[in-house]
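So the number in this note's numbering is just where the residue sits in the sequence shown, counting from 1, plus 920.
No residue lacks a Cβ here, since even glycine has one placed at the ideal position from N, Cα and C.
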Amino acid sequence: MEGKDIRQAKTLTFRIPVDLYRWVKVYCAQNDLTISGFLTQLIETIRERVEKNGLQNRA
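This is how it looks when you write it as structure tokens:
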């Protein structure tokens, strides 16, 4: 996805445990974030760390 804004990517739907959802919801409320914004930041952080560490897709 190099050079693309992550928001232009396809929609991904997944299920998470209720406890994790509640934690994310509280964290977002405390930090003035939307859940989508939180997930976008999380994915970008992971992508940057993968690129920095030279990890490759093993699929």
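Distance check between Cys948 and each of Leu959, Val938, Asp939 places Leu959 closest, using alpha-carbon atoms only. When secondary structure is reduced to three states using DSSP, Gly974 falls in the coil class, being assigned neither helix nor strand. Judged by their CB atoms, Val946 and Ile936 are not nearer to each other than the 9 Å cut-off. DSSP places Thr965 within a helical segment (H, G or I) once states are collapsed to three. Taken through DSSP and simplified to helix, strand or coil, Lys945 comes out as helix.
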